[in-house]
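Residue numbers (our numbering): 926 to 1654. Ideal Cβ placement from N, Cα and C applies to all residues, glycine included. These notes are about the structure you will find just below.
Given below as C-alpha cells:
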C-alpha cells in the first residue's frame, strides 16, 4: 500500500492507547439479571481498561526535497497549479487507503456543528496530541496554531514533560525514541503489538517521509560501495543491499525517512515510574533498545504533530516493507457498541489485552452462533452469562437443556423448565394445531418422521409415493374434524392394517400403549408460551434416542416458529447440538429452522463438543456467523483449520494453538466472526452467590426443586439465600 504513494507524501500513524471507563447499565426489571449486571459492571468499572485508537495522516509536500532546484522553483511560482495537483494526489491516496482498510471500517475525520458552533475532528485530535486532553475545540477564523495549545508545557532537563491543564490537573509525560543503531535488521507485522498490551496510557507516533526512487537507489549504491571500499567482510550485508537495489529498481519497495516516538503519560509519580519501565520493556521484548529523551525532549515532542517532520530528531532510512511492519495497524478488536441488529451490544467483555470488547451475536441480521468446547472449559457459565446479558432486549428464550445446566438459571429469570421423557405424558397434541397451510405442512413432515423406517445401518429409508400420499390424506382428514376430536389414536386406522413393519405398524408405536404414545397421543395440547419469556426443556432422558429426540425437537421448533411470527426477538439454545443432526431428516429440518428463525428476528446458539459434525455440511456451517471457541485439548486440525474438503471453523494456526494449549481453568474463550478474533476472560470472582446459578447441574436443580416444592411461587430474591447455603453445605 505505502509503495504506491508518490515521493511527496508524508505518512503519520498514531496509536492512542487511552483508559476507558465502564458504565453500569440501568436496571431492566428482572431481579436476577439486574443483580448480575450490577455486580458484573461494578467490577469492570473498578478495573483499568484501555482502548487503542489508530489515526493515519496523509500529507502532500509542495515539493520533494530530492527534486531538481528548477522543479522546486516552478512549484513555488505556479502555486495554484501545484495545489490542484497536490489535492488530486491526496484524494487518490485517501481513496486507496479507504479501500485497502475497508475491513477495519475506517472513518475520515471531518467537521461538525454543535449549538451553531463549527468544530473540526482533525483540530480536536491535534489538540489532544498537544494538550494530552480530549476536548472539543471550536474553529476560529485564524490559524489554528493561535489557539490549539491551551495547556502549559514544561520540559525538564531530565526529559520529564509536565502538562499543566486549565483545570489545575497535572499530567507527566516522557518520550522514548528509537536511535538508528537500535533498529532491528528485519521487521514483521507484530513489531508494536507489545505496546498494545501495557496497562498504562501512551501515544505512539510514527512518521514516514517517502523518498524518490532514484535517490533511494543512489543511497543504497553509495552504502554498498562504502562497504566494498572498506574491505568489509560482511558479504551478507552487501548481498542484502544488492537485493534491496533490485527491489527498488523494480518498484517492489521504496525507501523513506522514518521516526518512531512513544509518549508515556501518567497522573501520579508512582504510576509514571512504572509506566516508563513497562514501556522500555515493550521495546526490549522486540529486541529494540530505546532512548528516553532528555535534552531534546521538546523538539521530539513537537515533531509528533502532523506536518512537523522537519523537527524529527532521530530519523532512520527504512523501506516501505519495514514501515509496514512497524505501522501494521494491528489492534484489539472492540466489537460494535451501538447500531447492531438488536440495538446496543449484548455485553461488554474484557480482552486479555485489557481492552473492552462489545460482544454481539449478530453480524448484520444473522445472529446464529456456534459454541465449541472441551471438558471443564466453563461452557455453561459463558452461555448463561450471555443469555442473562441479553435480557435487556426482552427476548423469548427456548433452551434445549442437557443435564440441567440451565435449570436453576431459567427459574432465577422467572422462566419455566420442563423435564421431558417418553415415559411421561408430555401433554402435547400436534393434531390440535390451528388449521393453516403452515401447520398442515408441518403435520405431514412430522408424520413422515414418525412413520420412518430404517435400514440395518440405522439410516432412514425414503418413504414411497404411496406412503407420502397416504400421510397427506390422513392430515386432510384430521382437519375435517372439530378440534376436540383431533387425537392421534382416533386417526390411526386411516394408515391401514398394521402388519409386517408397514407404515401402519410403525405409526401404531405412537398411540395407545405404544412405546412413543406419551409424546403426542394426548387428549389436548397444553404446549404454551403464555406467562413467561424463558423456557427450558431438559432432554437428558431422550438425548440418546434419535426418534424421540427428533420428534420432540421438531414439535418444539415448530411451536417456536408459529409463536414468534410477529418479529419479537428470540433465542433458541441447543445443547449437545450434534445429537440433533445425527439423523438426516433432523439435519434438514434444523437447516430450515435456521433460515426461518433469522427471518423471524430470531437466532440459535448451537453448542457442541464435537464441531466436526457441522463442518461436514457446508450449508449448515454457513448459517453460523459467530463462533465462541473454548479451550479443547482434543481439537483436531481438520475441524478447526479445514482441509481440502472444507474450511472447518476457519481458524488460523495461532488460533488453533490457543484452543489446544490454553488451560480451561483460565476461563478464557475466543470470539470469532468475519471481522474479529479476540480472546476474552470471564471474571466472575466477585459473584460467589451467582456462579452456582450460572453453572447449573443436576444436584443444584434438585436443591432448588426441593425449596420450591414448599412454595412454587417464590421469586429469585426469596429463594436464592437458602439455595446458596444448601449448595455450600
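With DSSP as the reference, label residue i as helix, strand or coil.
i            : result
residue 1073 : coil
residue 1556 : coil
residue 1421 : coil
residue 1149 : helix
residue 1431 : helix
residue 1349 : coil
residue 1361 : coil
residue 1593 : strand
residue 1443 : helix
residue 1115 : coil
residue 1286 : coil
residue 1331 : coil
residue 1244 : strand
residue 1295 : strand
residue 1460 : strand
residue 1108 : coil
residue 1544 : helix
residue 1406 : coil
residue 1386 : strand
residue 1281 : strand
residue 1275 : strand
residue 1216 : strand
residue 1259 : coil
Can we count residue i as close to the ligand ADP, meaning its CB is less than 7 Å from some heavy atom?
i            : result
residue 1562 : Inclusion of the ligand ADP in the displayed structure is not the case, the ligand content being empty and no account of it being possible.
Looking at the secondary structure, which residues open and close the alpha helix (DSSP H) in which residue i lies?
i            : result
residue 1585 : 1578-1586
residue 1527 : Segment 1527-1533 is the beta strand (DSSP E) holding residue 1527; no alpha helix (DSSP H) there.
residue 1517 : 1509-1524
residue 1655 : No answer is possible for residue 1655: it lies beyond the span of the chain, which begins at 926 and ends at 1654.
residue 1641 : 1641-1653
residue 1617 : 1616-1619
residue 1225 : 1222-1227
residue 963  : 956-970
residue 1563 : 1562-1566
residue 1312 : 1304-1314
residue 1626 : 1623-1635
residue 1301 : That residue, residue 1301, is in no alpha helix (DSSP H); it is neither H nor E in DSSP.
Between which two residues does the beta strand (DSSP E) holding residue i run?
i            : result
residue 1269 : Counting along the chain, residue 1269 falls outside any beta strand (DSSP E), and DSSP gives it neither H nor E.
residue 1087 : 1086-1089
residue 976  : 974-985
residue 1394 : No beta strand (DSSP E) holds residue 1394; the alpha helix (DSSP H) holding it covers 1390-1403.
residue 944  : 934-945
residue 1098 : 1095-1102
residue 1342 : 1341-1344
residue 1605 : 1602-1606
residue 1322 : 1321-1326
residue 1496 : 1495-1499
Taking residue i and residue j to be in contact with their CB atoms under 8 Å, please state how far apart those CB atoms are, rounded to whole angstroms.
i            : j            : result
residue 1357 : residue 1408 : 5 Å
residue 1614 : residue 1649 : 5 Å
residue 1135 : residue 969  : The Cβ separation is near 43 Å, so there is no contact.
**Study point:** Stretch pair the region 1466-1476 + the region 1288-1308: three plus CB contacts closer than 8 Å
**Key:** Here the region 1466-1476 does not lie against the region 1288-1308, with fewer than 3 beta-carbon pairs under 8 Å apart.
Exercise for review: Determine, using beta-carbon pairs with one atom in the region 1223-1241 and one in the region 1496-1503, whether at least three such pairs fall under 8 Å.
Suggested key: no
Practice item. Tell me the start and end of each unbroken beta strand (DSSP E) in the region 1123-1200 that is at least 3 residues and wholly inside, in chain order. Key: 1127-1135, 1180-1191
Exercise for review: Count the C-beta pairs between the region 1558-1570 and the region 1518-1530 that are closer than 8 Å, then say yes if the count reaches three, no if not.
Suggested key: no
Practice item. Evaluate contact between the region 1099-1112 and the region 1079-1088, counting only Cβ atoms and requiring at least three cross-stretch pairs below 8 Å. Key: yes
Point to revise | Any 3 or more C-beta pairs closer than 8 Å across the region 1434-1450 and the region 1346-1362 | key: The answer is yes - the region 1346-1362 touches the region 1434-1450, with three or more Cβ pairs under 8 Å.
Exercise for review: Count the CB pairs spanning the region 1117-1129 and the region 927-947 that are closer than 8 Å, and state whether there are at least three.
Suggested key: Touching, yes.
Exercise for review: At 4 residues or longer, and completely inside the region 1024-1085: list those alpha helix (DSSP H) runs for me, N to C.
Suggested key: 1046-1056
**Study point:** At least three beta-carbon pairs within less than 8 Å, the region 1144-1151 to the region 1160-1174
**Key:** yes
Point to revise | Any 3 or more C-beta pairs closer than 8 Å across the region 976-990 and the region 1010-1022 | key: yes
Review point. On the three-pair Cβ rule with 8 Å, is the region 1268-1288 touching the region 1532-1545?
Key: The answer is no - the region 1532-1545 does not touch the region 1268-1288, with fewer than three Cβ pairs under 8 Å.
Exercise for review: Would you be able to state if there are at least three C-beta pairs under 8 Å between the region 946-958 and the region 1135-1144?
Suggested key: no
Exercise for review: State whether the region 1066-1077 contacts the region 1041-1057, with contact taken as three or more CB pairs (one from each stretch) at a distance under 8 Å.
Suggested key: yes
**Study point:** Cβ contact (3+ pairs, closer than 8 Å) linking the region 1588-1605 and the region 1256-1263
**Key:** yes
Review point. Is the region 1334-1348 touching the region 1505-1513, taking contact as three or more C-beta pairs under 8 Å?
Key: no
Point to revise | Inter-stretch contact at 8 Å, needing at least 3 Cβ pairs: the region 1362-1375 / the region 1394-1403 | key: yes
**Study point:** At least 3 beta-carbon pairs within less than 8 Å: the region 1481-1488 vs the region 1381-1389
**Key:** no
Check your understanding: Using 8 Å as the threshold, is the region 1243-1250 in touch with the region 1219-1228, meaning 3 or more CB pairs across them?
Key -> no
**Study point:** the region 1532-1542 in contact with the region 1294-1301 per 3-pair CB rule at 8 Å
**Key:** yes
Exercise for review: Kindly confirm or deny that the region 1261-1275 and the region 1178-1197 touch, where touching means at least three C-beta pairs closer than 8 Å.
Suggested key: No contact exists between the region 1261-1275 and the region 1178-1197.
Point to revise | Sufficient close CB pairs (3 or more, under 8 Å) joining the region 1568-1585 to the region 1301-1318 | key: The way I'd put it, the region 1568-1585 doesn't touch the region 1301-1318; fewer than three beta-carbon pairs between them come closer than 8 Å.
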